[in-house]
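Heads up, the thing below is written out as structure tokens.
Numbering (this note's numbering), first residue to last: -9 to 326.
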């Protein structure tokens, strides 16, 4: 039997732990001892996923060592800004043969590293074929409530891809495999930036045409950067690309879209973030994503406008006019 450790008891980490626990032995690590104890006693994560019952077989602990020791699969469900520190603490307890799967949709500030790159750095000698991501149009509460959806597990080792697919798949959570770790991972990070733009447009009162244009052109930016980093173009039209982008840009359950809406309505970023109980990855990752684009010479006008609002004090109302008044271009480059 596969033993799974999920590191991070936020809404998505808790949801994925609940999915895995329906199929195999699973333990969920929570930083706060009181939260771990409450989950064990009430079979509910009232802090991050209230009202959703968790499987009886799911264990909870506040000991990172106990969670990871002996696990065949270590799932990292930690925000990008804390990912490195938590994995460094866990590294000694992660088995050399274990698969490591990231749920984090972001890029580390400063180092400009994707989460799987951080895993490779902190677990030297670990088989790269067993390091990957789980990503797709997966709003935590909808998945936890059993609403049908699909996702992608991306690892390069085909045997482990199948094993992870079986570990997380349920009658309402369909899991596809994909060897394109880079493409899936960068799609997950960049869609949060585009969701901020879509939220800003909504907050400003723009209609569906505007938001559809932003999402479509956002997909173009996602594909440009993904291909520049070595991603497979097919990935960006699939669940990790278009699927996740649509869900995050249109749902009022999306944290990044929610932040964008509030910005568009004129609220200050610091006030918005202070009130949020959970992390909106796009707020922290936009700067790192833009630096990646600069290093690879990739044009990303929507993302640049979002960055200007977040970090340079640009008025949200200036985003759409700035994009509309750019130099006229063809939608697609001639083939051949």
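Glycine residues also receive a C-beta, built at the ideal position from the N, C-alpha and C atoms. Because the structure is a prediction, the values reported are computed rather than measured.
{"query": "Can you grab the Cα-Cα spacing for the pair residue 239 / residue 120, in whole Å?", "result": "31 Å"}
{"query": "Would you report the Cα separation of residue 234 and residue 209, rounded to the nearest angstrom?", "result": "10 Å"}
{"query": "What residue does the beta strand (DSSP E) around residue 84 start on, and which one ends it?", "result": "Per DSSP, residue 84 belongs to no beta strand (DSSP E) and is neither H nor E."}
{"query": "Taking the C-alpha atoms as reference points, what is the distance between residue 99 and residue 74?", "result": "11 Å"}
{"query": "In this structure, what does DSSP give as the bridge partners for residue 92?", "result": "66, 123"}
{"query": "Considering only residues of the stretch -5 to 29, which uninterrupted alpha helix (DSSP H) runs meet the minimum length of 4 residues and lie entirely inside it, listed in chain order?", "result": "1 to 11"}
{"query": "Quick one: give me the first and last residue of the alpha helix (DSSP H) that residue 321 is part of.", "result": "Taken as a continuous stretch (DSSP letters only), residue 321 belongs to no alpha helix (DSSP H), as it is neither H nor E."}
{"query": "Reducing DSSP to helix, strand and coil, say where residue 49 ends up.", "result": "strand"}
{"query": "Are residue 126 and residue 192 touching if we call contact CB-CB under 8 Å?", "result": "no"}
{"query": "Are the CB atoms of residue 275 and residue 97 nearer to each other than 8 Å?", "result": "yes"}
{"query": "Any chance the CB of residue 306 is under 7 Å from a heavy atom of the ligand GDP?", "result": "This structure simply doesn't include the ligand GDP, nor any ligand for that matter."}
{"query": "At what residue ranges does the stretch 162 to 188 contain a whole run of the beta strand (DSSP E), taking only runs of 3 or more?", "result": "163 to 168"}
{"query": "If you run the structure through DSSP and keep just helix, strand and coil, what is residue -8?", "result": "coil"}
{"query": "For residue 334, name the three-state secondary structure that DSSP assigns.", "result": "This structure gives no information on residue 334, because the portion of the chain shown stretches from -9 to 326."}
{"query": "Can the beta-carbon of residue 259 be found less than 8 Å from the beta-carbon of residue 291?", "result": "no"}
{"query": "I'd like the list of long-range same chain contacts for residue 189, defined as Cβ closer than 6 Å, with 5 residues on each side in sequence excluded.", "result": "247, 250, 251"}
{"query": "Indicate the three-state DSSP secondary structure (helix, strand or coil) for residue 140 in the structure shown.", "result": "strand"}
{"query": "Spatial neighbours of residue 55 within its chain, please: C-beta separation below 6 Å, excluding the five flanking residues on both sides.", "result": "83"}
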